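Student: Structure provided below as C-alpha cells; questions to follow.
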Amino acid sequence: MRGIKHSGTHPSLARRINDRFHILKPGHVVVDCGSAPGSWCQVAAHKVNANGEDETKPRGTVIGIDLQSMVPIEGVHLLPHCDFTTESTQMKVKDLLHGKKADVLLSDMAPSATGIKSHNHEAIVGLCFSVLRFSLSVLNNGGTIVCKLWSGGDQPRLERAMKIICDSVRVVKPDASRDDSAEIFMLGRGFKGSRNPS
Ligand SMILES: C[S@@+](CC[C@H](N)C(=O)[O-])C[C@H]1O[C@@H](n2cnc3c(N)ncnc32)[C@H](O)[C@@H]1O
Numbered sequence: 001m002r003g004i005k006h007s008g009t010h011p012s013l014a015r016r017i018n019d020r021f022h023i024l025k026p027g028h029v030v031v032d033c034g035s036a037p038g039s040w041c042q043v044a045a046h047k048v049n050a051n052g053e054d055e056t057k058p059r060g061t062v063i064g065i066d067l068q069s070m071v072p073i074e075g076v077h078l079l080p081h082c083d084f085t086t087e088s089t090q091m092k093v094k095d096l097l098h099g100k101k102a103d104v105l106l107s108d109m110a111p112s113a114t115g116i117k118s119h120n121h122e123a124i125v126g127l128c129f130s131v132l133r134f135s136l137s138v139l140n141n142g143g144t145i146v147c148k149l150w151s152g153g154d155q156p157r158l159e160r161a162m163k164i165i166c167d168s169v170r171v172v173k174p175d176a177s178r179d180d181s182a183e184i185f186m187l188g189r190g191f192k193g194s195r196n197p198s
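So the sequence shown is numbered by UniProt numbering: it starts at 1 and just counts up by one.
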C-alpha cells in the first residue's frame, strides 16, 4: 500500500481486516467513526480510490469523524472535534454525503477507559449502538458495518441487534489485536435495515 503512513493505535488493523474480508472497494462511500489519528482513513482512502489515483476505477469517498483534532489526510473529509453520537455531527456527515448513502460504516471509537471494565464495556457498546442507529438512515442496502468493542455482558445484545439489520454477523478478533486485550470487532454484512435496534 504505497504512500500510506501508519499512525493509528493498530497500524495495520484496518488493512488486515480488509484483506481478510474484502470490505472496501473502489468507489465505495465510507464513514469512519473515531478516526484519529487516521490510519484507518488512510487505508480506506487508498482502497476506495478516494484520491482518484487509479483513473480506471471509480472514485470513492471517505469521511472521518473524531472528538480529537486530526491532521489533514489526502482525499478524506475530516470532521475533527465532533462527537459522533450527537445529531449535529450526524447532520454534518449527511451534508457531506450530498444525499448519497454509505457503503461501509466503520467504528474504531473508544471511550476514555476507566479502571472499571464493566463501565468501559457499557460505554463502548453505547457507541456501537449509535453507529447501528445511524446506519438505518445512511447505509445502502447490502452495506457493511464494522464496529469495535471490548467484550462483556452486552455483547450478545449488540450481536442480536446487528442480526436484525444485517444478513450476517460475525465476531472478529484480528491477529493485530493484542491477545491479552478483550478487543473484538463485530462485522455485519448485507445490511437490510429494520426498526430501531436499540
Ligand atoms: C482507537 S482510536 C481510533 C484510531 C483510528 N481508527 C486510527 O486508525 O487512527 C479511538 C478514537 O475514538 C474517538 N472517539 C471516542 N468517542 C468518540 C465519539 N463519541 N465521537 C467521535 N470520536 C470518538 C477517540 O477520540 C479516539 O481518537
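In this text, a Cβ means the ideal position worked out from N, Cα and C, and glycines have one as well. Bear in mind the structure is a predicted one, so any value in this text is a computation, not a measurement.
If I'm right that valine 30 touches valine 62 with Cβ under 8 Å, what's the distance once you round it to whole angstroms?
Tutor: About 5 Å; that satisfies the 8 Å criterion.
Student: How many angstroms separate the CA atom of threonine 89 from the CA atom of arginine 20?
Tutor: Each residue's Cα considered, the two are about 31 Å apart.
Student: Quick one: Cα of methionine 109 to Cα of threonine 56, how far?
Tutor: Distance between the alpha carbons of methionine 109 and threonine 56 is about 33 Å.
Student: Would you mind sorting residue 229 into buried or exposed? The rule is 16 or more other CB atoms within 10 Å of its CB.
Tutor: In this structure the chain extends from 1 to 198, so residue 229 is not present and cannot be described.
Student: What ranges does the beta strand (DSSP E) occupy inside the segment 55-120, keeping only unbroken runs of at least 3 residues that lie completely in it?
Tutor: DSSP runs (the beta strand (DSSP E)) wholly in the segment 55-120: 61-65, 76-79, 102-107.
Student: DSSP on aspartate 32, reduced to helix/strand/coil?
Tutor: Strand, per DSSP.
Student: Let me check you understand the geometry: is the CB of leucine 113 closer than 7 Å to at least one non-hydrogen atom of ligand 1?
Tutor: Looking at the sequence shown, residue 113 is not leucine but alanine. No, Cβ of alanine 113 sits at least 7 Å from all heavy atoms of ligand 1.
Student: Can you find at least 3 beta carbon pairs, one from the segment 132-151 and one from the segment 97-108, that sit closer than 8 Å?
Tutor: With a cut-off of 8 Å, the segment 97-108 and the segment 132-151 count as touching, because enough Cβ pairs lie within range.
Student: Whether or not the segment 123-135 and the segment 39-49 are in contact is what I'm after, with contact meaning three or more pairs of Cβ atoms, one per stretch, closer than 8 Å; do they touch?
Tutor: With the cut-off at 8 Å, the segment 39-49 and the segment 123-135 do not touch.
Student: By DSSP, does lysine 148 sit in helix, in strand, or in coil?
Tutor: Lysine 148 falls in the strand class under three-state DSSP.
Student: Do you know how far the Cα of alanine 113 is from the Cα of leucine 139?
Tutor: One C-alpha to the other measures close to 29 Å.
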